[in-house]
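Going by the numbering used here, the sequence shown opens with residue 181, and the numbers climb by one from there. Down below is the structure, laid out as structure tokens.
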Amino acid sequence: MPAKRASPTVLLTGFEPFEQELLNPSWEAVRALDGWKCGRATVHARLVPCVFGDALDALDRVMDELQPVLVVCIGQAGGRAEFTPERIAINVDDARVPDNHGRQPIDVPVVPGAPTAYFSTLPVKAIVRELRAGGVPASVSNSAGTFVCNHLFYGLMHRLATHPSAAGARGGFIHIPYLPAQAARFPGAPSMSLETLVDALRITVKTALAVKHDVAETGGQLH
Numbered sequence: 181m182p183a184k185r186a187s188p189t190v191l192l193t194g195f196e197p198f199e200q201e202l203l204n205p206s207w208e209a210v211r212a213l214d215g216w217k218c219g220r221a222t223v224h225a226r227l228v229p230c231v232f233g234d235a236l237d238a239l240d241r242v243m244d245e246l247q248p249v250l251v252v253c254i255g256q257a258g259g260r261a262e263f264t265p266e267r268i269a270i271n272v273d274d275a276r277v278p279d280n281h282g283r284q285p286i287d288v289p290v291v292p293g294a295p296t297a298y299f300s301t302l303p304v305k306a307i308v309r310e311l312r313a314g315g316v317p318a319s320v321s322n323s324a325g326t327f328v329c330n331h332l333f334y335g336l337m338h339r340l341a342t343h344p345s346a347a348g349a350r351g352g353f354i355h356i357p358y359l360p361a362q363a364a365r366f367p368g369a370p371s372m373s374l375e376t377l378v379d380a381l382r383i384t385v386k387t388a389l390a391v392k393h394d395v396a397e398t399g400g401q402l403h
């Protein structure tokens, strides 16, 4: 097992493009922060395949390498208008479309025999509060879907809950809107600029490192 690093490491992951897209806003935003210093912590950005199983293998390798104290995985959510930290990951793969290797699991667990769900250990409501204060549209999301995003989110939270090397580390998942160039192909679809997405990630990392106990304020939805 690699030794713990002298200075804290933050891992940000983004996905490769999928479903005929030429880019993925998650990777475009994440890679802009590779090497960024947030206090004593250093951010490392890594690309993850949009493939069931392979995404978790890639996450395991980089977590073994970096031993991060904080992991924030980012994914595209076309149609959403806000920066949305996810509250919960569920133990099911149910793919609406095939992944980038043609895999399309239906109603199978991410991790057989593991808990039904895990809550994010990010301070999701504090993150939303700080994002809004910084002028970024944001809200708590209560569903990460059942595609590779939720697959990666659940796998991350299961590792953080069970792997000895992850003791004390925190993590979660955030869905983000299309970039404007993508939304132009879908008239009426909302988007968010790359500059805003990168600023939002900076706020997210700063808040997650500073806030150990989430704030108690409404973040619920009627449906």
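Where a beta carbon is used, it is the ideal one built from N, C-alpha and C, also for glycine.
Same chain, Cβ closer than 8 Å to residue i, five either side skipped, listed in chain order
i, result
"Glu470", "No answer is possible for residue 470: the residues shown for the chain start at 181 and end at 403."
"Thr296", "Ile270, Asn271"
"Thr264", "Ala257, Ala318, Ser319, Val320, Ser321, Ile354, His355, Ile356"
"Pro285", "Phe232, Asp273, Asp274, Ala275"
"Val304", "Pro265, Glu266, Arg267, Val320, Gly352, Asp394, Gly399"
Whole-Å CB distance - residue i paired with residue j, under 8 Å assumed
i, j, result
"Phe333", "Cys218", "Contact flag wrong, Cβ pair sits at about 22 Å."
"Thr384", "Ile307", "5 Å"
"Asp240", "Arg309", "That pair is no contact at about 32 Å."
"Gly335", "Val291", "7 Å"
Start-to-end residues for the alpha helix (DSSP H) that takes in residue i
i, result
"Ala225", "Not the alpha helix (DSSP H): Ala225 falls in the beta strand (DSSP E), residues 221-228."
"His305", "Reading the sequence as shown, one finds Lys at residue 305 and not His. That run of the alpha helix (DSSP H) goes 304-313."
"Gly335", "328-342"
"Arg211", "205-211"
Extent of the continuous beta strand (DSSP E) to which residue i belongs
i, result
"Gln256", "250-256"
"Thr189", "189-195"
"Gly455", "The structure shown does not extend to residue 455, since the chain is modelled only from 181 through 403, so no value can be given for it."
"Ile297", "For clarity, residue 297 is Ala in the given sequence; the question names Ile instead. Element bounds for Ala297: 297-299."
Same chain, Cβ closer than 6 Å to residue i, five either side skipped, listed in chain order
i, result
"Val242", "Arg226"
"Ala388", "Leu250, Leu302"
"Gly215", "none"
"Met337", "Ala269, Tyr298"
"Ala212", "Val378"
"Pro197", "Leu203, Asn204"
Helix, strand or coil at residue i [DSSP, three-state]
i, result
"Leu239", "helix"
"Pro265", "strand"
"Lys217", "strand"
"His281", "coil"
"Ser371", "strand"
"Val413", "Residue 413 falls outside the range modelled here, since the chain spans only 181 to 403, and no answer is possible."
"Ser323", "coil"
"Ala364", "coil"
Residues of its chain near residue i, where Cβ-Cβ distance is below 7 Å and the 5 sequence neighbours each way are ignored
i, result
"Gln401", "Asn322"
"Leu311", "Phe263, Ala318, Ala380, Ile383"
"Ala235", "Val228, Pro229, Val328, His331, Leu332"
"Ala238", "Val228, Pro229"
"Glu142", "Nothing can be reported for residue 142, as the shown portion of the chain is limited to 181 through 403."
"Lys386", "Cys218"
"Val391", "Pro303, Ala306"
beta-carbon residue i near the ligand SAH non-hydrogen atom, thresh 7 Å
i, result
"Ala275", "With respect to small molecules bound, the structure shown includes none, and the ligand SAH cannot be examined in it."
Inset, instruction - Would you check if the segment 273-285 and the segment 230-242 touch, i.e. whether three or more CB-CB distances between them fall below 8 Å? - result: yes
Legend entry - Given 8 Å, three or more beta-carbon pairs between the segment 333-351 and the segment 257-265: no
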